[in-house]
Amino acid sequence: MIETHLRRRRSEGRSLLVPYVTGGIRADWIDYLTAYARAGADAIEIGLPFSDPILDGPVIQEASGRALRRGVTVRGLLDEVAAVRIDVPLIAMTYYNLVVHRGAADFCRDLAAAGIHGLIVPDLPIDESASLAEAAAAAGVDLTLLAAPTTSAERLAEIAAASRGFVYAVSTMGTTGAQFAASGGRLAADLRQLTDRPVLLAFGVATPDDALTAVQSADGVVIGAALMRRVLEGGTPDELGATVAGLRKALDLDAGRLPDGARP
Amino acid sequence: MIETHLRRRRSEGRSLLVPYVTGGIRADWIDYLTAYARAGADAIEIGLPFSDPILDGPVIQEASGRALRRGVTVRGLLDEVAAVRIDVPLIAMTYYNLVVHRGAADFCRDLAAAGIHGLIVPDLPIDESASLAEAAAAAGVDLTLLAAPTTSAERLAEIAAASRGFVYAVSTMGTTGAQFAASGGRLAADLRQLTDRPVLLAFGVATPDDALTAVQSADGVVIGAALMRRVLEGGTPDELGATVAGLRKALDLDAGRLPDGARP
Amino acid sequence: MTEVALPRPATGVTRPAAGVMSDPGSSGRFGEYGGRYVPESLIPACAELEEAFRDAWADPRFRRDLDRLLAVHAGRPTALTPAWRLSEELGINLLLKREDLAHTGSHKINNVLGQALLAKRMGKTRLLAETGAGQHGVATATAAALLGLDATVFMGEVDIERQALNVFRMKMLGAEVIPVTSGTRTLKDSTSEALRHWVTCVDEAHYCLGSVMGPHPYPWMVRELQRVVGDEARRQCAAELSTGTPDYVVACIGGGSNAAGTFAGFADTGAQLVGVEAEGGAAVAFGQVGVLHGFRSYLLQDENGQVTEAHSIAAGLDYPGIGPEHAHLRDTGRARYVTVGDAEVIPALQRLARTEGILCALESAHAIAWVIRAAESGELPPWSTVLVTLSGRGDKDMATLMEAS
Amino acid sequence: MTEVALPRPATGVTRPAAGVMSDPGSSGRFGEYGGRYVPESLIPACAELEEAFRDAWADPRFRRDLDRLLAVHAGRPTALTPAWRLSEELGINLLLKREDLAHTGSHKINNVLGQALLAKRMGKTRLLAETGAGQHGVATATAAALLGLDATVFMGEVDIERQALNVFRMKMLGAEVIPVTSGTRTLKDSTSEALRHWVTCVDEAHYCLGSVMGPHPYPWMVRELQRVVGDEARRQCAAELSTGTPDYVVACIGGGSNAAGTFAGFADTGAQLVGVEAEGGAAVAFGQVGVLHGFRSYLLQDENGQVTEAHSIAAGLDYPGIGPEHAHLRDTGRARYVTVGDAEVIPALQRLARTEGILCALESAHAIAWVIRAAESGELPPWSTVLVTLSGRGDKDMATLMEAS
Ligand SMILES: Cc1ncc(COP(=O)(O)O)c(C=O)c1O
Ligand SMILES: Cc1ncc(COP(=O)(O)O)c(C=O)c1O
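Chains as they are written, first to last, in the numbering used here: chain A, 953 to 1216; chain B, 953 to 1216; chain C, 775 to 1179; chain D, 775 to 1179.
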C-alpha cells in the first residue's frame, strides 16, 4: 500500500517528503498530521513513544518522554488516529519491545485497523525480523527496514529486497537529529543500484538545503528531529505545516528546475 | 639520701606521705612544693612533663599537656627548683625518653644539681634499667622502681632489691587516677615480706580514707591525680597545702590511735 | 527476491546450543531468548566482535595472555573461603567464592580484562562502558589504563551523585565520565546512551558491556569471560568437599554475569543453581518477555510495554532486565530464580561481617540473605553444601549503609 | 642484693641476633634498638606473649592453621604484577607485590590474623588495637569477627573525622571504636591509649599492635607475621626474573611492618633494601634516638625531647617513630632509608593509576614516588629490576585525593 503510493508519487517526478511527529506529544497532536498532509507530505511517520529509544537523539528522546509523561499509550494513540481521516499514508515508528509486548500479529492488526499501513522498528535488524515481517504482511502493513552507512553490500541487497514500502537509509552513524552527513548520499546511491523501491534518506535532514542535497541521491527524505525540535519549542500544527510546505516547495522547485535527472 | 630520710621518718612511727605536682603546671607551681612541705609531706614528687605519658590517666595527661603548652622544659623546671630551698626530699617523675634525650649521666647530674635526689621512670622496667641505675647511683640520685599487682614473686624480689629510695607499689592495674584497689594492699604486704625498704602505695589514693586503707599494708602513699585534679580546677598552693595537711593529720591520728601496729 | 525476510546468521555457521550453557551459535539464542536487536548501524560492529571473539577464544595465545593478566594483575585465582562460623549458625556447609578479593573489588574485572585484550587485538583504541554503581566503570577504566586504551564511561546523573567515590576513582584512572541526563538517569539510560554513542565511533571504539546482556555476542562472551569464577570454584570445591561438588550454587543477579560465570562451572553437575534477584529489579519474578538493549529476555515493564525502572538498595542490581541465558535456564528448570528485598539485605550483610569478617557488596548480600532465609526455614537440608559467589566487596556501599543505619 | 640491677631476660634463654633480620632473642634488641620499655604492669603480659609466640611459631600446627587462614580468608598469595607500561616509561623492570589485593585492602591483615590466632590460643577473648588511617583497625575488627573475639579499637578523634568510612567498616564488623581525645588525637595518642587500656585488662585482652613497633616481642613478632610478603615475593621473583632476585626492594615505612616483612624475604640476598619514609614522619631522616611506646629507636622529637607529631598526607605514615629493626638495618647499612614529600605522592599515585590501572594507597605511593624519582634521576641503573611492595589499595584515600585535587 505504502509502496504503491510512494512509487506512484515518485513516478510523477516528485521528491518524496515524509515528516515525522511523536504521537501524543501534545493533546492536539493529530492536527500535526492534518497540517503535514495539507503541506504536501507524501507519507507521515508517527512515533509511538517508547521509554528507551536507543536510536533517538536528545530531541526525540525528550519528545517521547514528554508524551509518556502525558500518559499516552499505543492503544490510545491508535484510537485517536483511527478517529480521523488523513489523506496520506501513515507509518508507525516504534521500538521492538512495544511490538513484543502486544504480540506481533495483534500489533500489526491494530495498526492496520487504525489506518496505519507502514511500520519502522529501528532496533529490529533484518536478521531478527522474520516473524514480524510475516505478521505485518498478513495484516497488510509494510515493514520498512533500515540500512546504514556501515552495512555491507551483501546485506544491503538483502535489506533492499526484504524491506517493504521503501528503504530507510540512515544517513549517518549517529542517532536521530545528528548532523546530516554526506555518507548518506553514497548509501542511497548504492541502494538505488540494488532496488527500484523508493529509497528515503533520514537522520539529520533539517533544512531545505539538506533535503536538496539528500534528493541528489535518494528518492526522498524523512524529517524528524528538526521538526520535533520546533514542536518542543511550542511550534503549532500550523507553524509546522508551514515548515513542511517550505520543504515541499524547495523540493518541487528543484525537481522542476532539473527535470532531466541531471543533478550534479 | 631519699631512702635514709624516709627510713628515719618511718622509724618515728610516721606513715609516709608523698604528694605530687606536675612541674610547671602554673607559673607559681614552685609554691605547691613549699605548701606541700609545710603541710607535712615526707617527700615530694615532681612530674617533669612528657608529651606521651603512657602510664598516666586523664588528669595527669591534661596537667602535662597544660604545662607543655606553657612552654616548660626540663632545663627550665630544674632551674626553678634549684633556685628555691625545700625542706623535704624531692623526687623527679618522668618518662624515659627525656632521660635518653639528655643522656642518662647528664640527666642525673642535672637532677642532683637542682637538689632532686630521687627519680621514678614509669616506662623503665627493671630489665631495661641497668644503665640509668648506674648513672643515678653515680650522681647520688635514688632510682626508684615500680612493682605492679601482676609482678611475679621472683620479679618482686628483684625489684625490691634493686629499687632505691623506696619501692613504688602500683596499687591497681590501671593508670594514675584510677580507682584505688584492694589489690594494692596485697602487693605492698608482699613487698614488705621481701624488703625493709619503705614501700609506698600509689595510683588512685585520693582521700584520707584511701590513705588510711593503704597504710594498713604499706609504709606510706604517693598522692598524685587526686591533687592534680584540684590544681587543674584552680586550687591554689594554699588550698592544696591544706588538703595535704588534712591527709597528714588523718595519717598521724591513725598512727597515734593504733601505736601497737595492731591495725585490722 | 523473497517476500519475507528469513532470520539469517550474521556471520559463519550456526552452532546450535547443544549442552546446557554451551555456545549459542551465531544466532546468539538461548532458547527463545537473546538475539541481536540493535539498529542496523551496529550490526557490522557486533558481527565483527563475534568473529573476533570466536577467533581469540580459540587461540591458545590469547587465552594464555588473558590468563596471565587475570593472575598477575587481577589476583586470580580468588580464594574459596569456608564460612566457618556462619555455617555453624545455619547448620549448613557454606563456602564463599571471593570475587570481593579481585582487583578493583568485584568480578567485573574478569570480563573487562578479556574485552580490553580483545579490543586491543581488534585494533581499537577506546573502550566505552555503561555503569550504574560504578564497579564496571572502574574496572573498565582500570583495564583501559593497563592496556593503554582510552576509556569513556556513561553514568546516569543520579548514579554519579550517589557513587561519587567511584566516579573519582574512574577519573584518577584517566577515564572520561559522561553524565547521562536522559530518562531515569540511572543504569538503564546509561546503557542506552553508551549504545547511542557507540554508533558514532564503531571504528575506533569497543563497547565494553558489563554484564551478560546486550546484543549477541555479549551475553555469551561475557559468560565465557566470567566462567573463570565457576571453573575455579569447581576445582576448589573438589579439593574442599568430600562430595566434590556443592549441593547449591548461589549468586546474585543484576544483569547476571557473576551468576552466569559461576553457574557455567557447575552446569553439568547435579548442583542446584540459584540466582537471587533484588525484589525491586526482579525481571524473572515480576517481568515479562520483552526486548531491550539488544536482547530478548524477561524485562520489567508496565501494562503498556514501557520499561520500568528497577529499584534496589544495591545499585548493581538496579537493572530492569536479566541476561537472556538466565531466562532460558529458568524456563528449562536448570536454575531457579528467587527474590530478596532490601529489608533482608542489610542484616545479611551485617551478619556475614560479624561472623566471617567479610564486608561484602550489597549486591552479594542478596545471595547471602537468601541462603540465610532458606537455611533457617529448613528449605536447605541440614548440612547441605552451599557455594555462594561473593561478587564484590562492600567498601563502595558504606555510605549507603551509613544512611540506612 | 646487688647494688645495680642488671638487664635480665624476661623469659627463657637469650638467643643473640646472629644473621640479619634473625631472632632478636629475649632481650628484643636489634643492635641498640628495641627492648621492652613498658610499665611494670605490662611486663608479665609481654613476657607471656613472647613465650606464647615462640611456642606457636615453632608449632607446625599453628603455622598450618595460619597459612590456611591466610590462603582461604585473606587471599594469599597476593599477585606479583609486572608494571609493564610504567617500566617502559622509566626504563627499569618494575615489579609490584600486590598487598592491595589482600582482604581488607592492605598487608595489615597478615599480622592481625596471626595475632588473633595467637590470642585465641592464649585463651584471650578480646583484641585491642590502635589505628590511624583505620586499616589496622579494620583488619583487627575483621580477624576478631572471624575468630569470634571482641574487638576494641582506639582511634584519635581527628582520625575518626578524616577516616569516617573506615570507622563505619569497623562498626559493621562488630568492633567498638573508642575515640581518643588526648594529645594530638591521632595515631601516636591512640597507641598510648591502647597501652593504657591494656593495663586494665591484660588477662582477657590481647593487644594487637599494628606494626613492627612497641615492646618486645612485637617488633619481631610482627615482622615474622609479615614476612609472608617477602617470602612470597622472593619465590615469585625467582619465577619472574632471570636473575632470580631483584636489584632493589622498596617499601614505604610508617611503623615499618610492610617494609620489614618484605625485607625479611630478601635480607640474605644482594638486593638493595630501600625504606621510604614520608617527609613529615621521617624518623630516620629527621629523628634522634629515643624511647616511645615501649621501644628504643629513631624518633621525631623537639629540642627538649618531647615527641613531635608526624604530618603526612598518608595517615598510615603519620607516626613519629620507626620500628627498631629498621634503625638497626640503617645503622648497619643493610638498608637505606629515603624520604618523599606529600607533593611527590599524588602525581606518583596518579601515574601508577594511569599506566597500570592500580589505585594504590597514599602510603604505598611513597614507594612508587621514590622509584620514579630515582629512575628519572638516573640513580637506578637502566633496566634494574625493582620490587615495590604496594602495601594497600587507595579506596580509603579517595576523599583525601578529592580534596587535594
Ligand atoms: C558487586 C557486584 N555484584 C553484582 C553485580 C551485578 O552484576 P551481574 O549480575 O552482572 O553480576 C554488580 C554490578 O554492578 C556488582 O557491582
Ligand atoms: C596501606 C598502608 N601502608 C603502609 C602503612 C604503614 O604501616 P607499616 O609501615 O607498618 O607497613 C599503613 C598503615 O596504616 C597502611 O595502611
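All C-beta atoms in this analysis are idealised placements derived from N, C-alpha and C, irrespective of residue type, glycine included.
C-alpha distance - residue i paired with residue j, whole-angstrom precision
| i | j | result |
| --- | --- | --- |
| residue 1138 of chain D | residue 1062 of chain B | 44 Å |
| residue 1064 of chain C | residue 1007 of chain A | 17 Å |
| residue 1118 of chain A | residue 1099 of chain C | 36 Å |
| residue 1035 of chain C | residue 1004 of chain C | 5 Å |
| residue 785 of chain D | residue 973 of chain D | Here residue 785 of chain D scores only 39 on pLDDT, less than 50, and its place in the model is too uncertain to base an answer on. |
| residue 1029 of chain D | residue 1134 of chain D | 18 Å |
| residue 1059 of chain D | residue 1150 of chain C | 59 Å |
| residue 940 of chain D | residue 1153 of chain B | 42 Å |
| residue 900 of chain D | residue 796 of chain C | 51 Å |
| residue 922 of chain C | residue 970 of chain D | 52 Å |
| residue 886 of chain C | residue 963 of chain D | 44 Å |
| residue 971 of chain B | residue 984 of chain B | 10 Å |
| residue 1215 of chain A | residue 1192 of chain A | Confidence at residue 1215 of chain A is low in this model, with a pLDDT of 41, below 50, so its placement is unreliable and no value can be given for it. |
| residue 998 of chain B | residue 910 of chain D | 37 Å |
| residue 1159 of chain A | residue 1196 of chain A | 10 Å |
| residue 839 of chain D | residue 889 of chain D | 12 Å |
| residue 944 of chain C | residue 882 of chain C | 14 Å |
| residue 1058 of chain A | residue 988 of chain A | 28 Å |
| residue 1065 of chain B | residue 1158 of chain D | 58 Å |
| residue 1009 of chain B | residue 812 of chain D | 15 Å |
| residue 1041 of chain A | residue 960 of chain A | 13 Å |
| residue 1049 of chain D | residue 855 of chain C | 34 Å |
| residue 1110 of chain A | residue 1171 of chain A | 19 Å |
| residue 821 of chain C | residue 1056 of chain A | 26 Å |
Beta-ladder partner(s) of residue i, from DSSP
| i | result |
| --- | --- |
| residue 980 of chain D | D:901 |
| residue 1022 of chain D | D:1046 and D:1160 |
| residue 1134 of chain C | C:1167 |
| residue 1217 of chain B | It is not possible to answer for residue 1217 of chain B, since the shown part of chain B is limited to 953 through 1216. |
| residue 1064 of chain D | D:1071 |
| residue 996 of chain B | B:1042 |
| residue 1008 of chain A | A:1128 |
| residue 1095 of chain C | C:1073 |
| residue 1113 of chain D | D:1051 |
| residue 803 of chain D | D:808 |
| residue 929 of chain D | D:905 and D:953 |
| residue 1027 of chain C | C:1051 |
Beta-carbon separation (whole angstroms), residue i vs residue j, contact threshold 8 Å
| i | j | result |
| --- | --- | --- |
| residue 1167 of chain C | residue 809 of chain C | At roughly 34 Å, the Cβ-Cβ gap does not stay under 8 Å, so residue 1167 of chain C and residue 809 of chain C are not in contact. |
| residue 1031 of chain C | residue 985 of chain C | 4 Å |
| residue 827 of chain C | residue 892 of chain C | 6 Å |
| residue 954 of chain A | residue 1069 of chain A | 6 Å |
Closer than 9 Å to chain E by CB, residue i
| i | result |
| --- | --- |
| residue 1137 of chain A | In summary, chain E is missing from the structure at hand, where the protein chains are A, B, C and D. |
Any non-hydrogen atom of ligand 4 within 8 Å of residue i CB
| i | result |
| --- | --- |
| residue 1086 of chain C | Of the ligands one can find in the structure shown, namely ligand 1 and ligand 2, none is ligand 4. |
Please give me, in chain order, every unbroken run of the alpha helix (DSSP H) with length at least 4 that falls completely inside the stretch 1061 to 1148 of chain B.
Taken in chain order, the unbroken stretches of alpha helix (DSSP H) that lie wholly in the stretch 1061 to 1148 of chain B and span 4 residues or more are 1082 to 1091, 1105 to 1114 and 1135 to 1146.
Kindly provide the ranges of any beta strand (DSSP E) runs that are 3 or more residues long and lie completely inside the stretch 845 to 926 of chain C, ordered along the chain.
Taken in chain order, the complete beta strand (DSSP E) segments of 3 residues or longer contained in the stretch 845 to 926 of chain C are 854 to 856, 867 to 872 and 900 to 905.
Threshold first: 4 residues or longer. Then list the alpha helix (DSSP H) segments lying entirely within the stretch 937 to 986 of chain D, N to C.
Given a length threshold of 4 residues, each whole run of the alpha helix (DSSP H) inside the stretch 937 to 986 of chain D is given here in chain order: 938 to 946 and 961 to 973.
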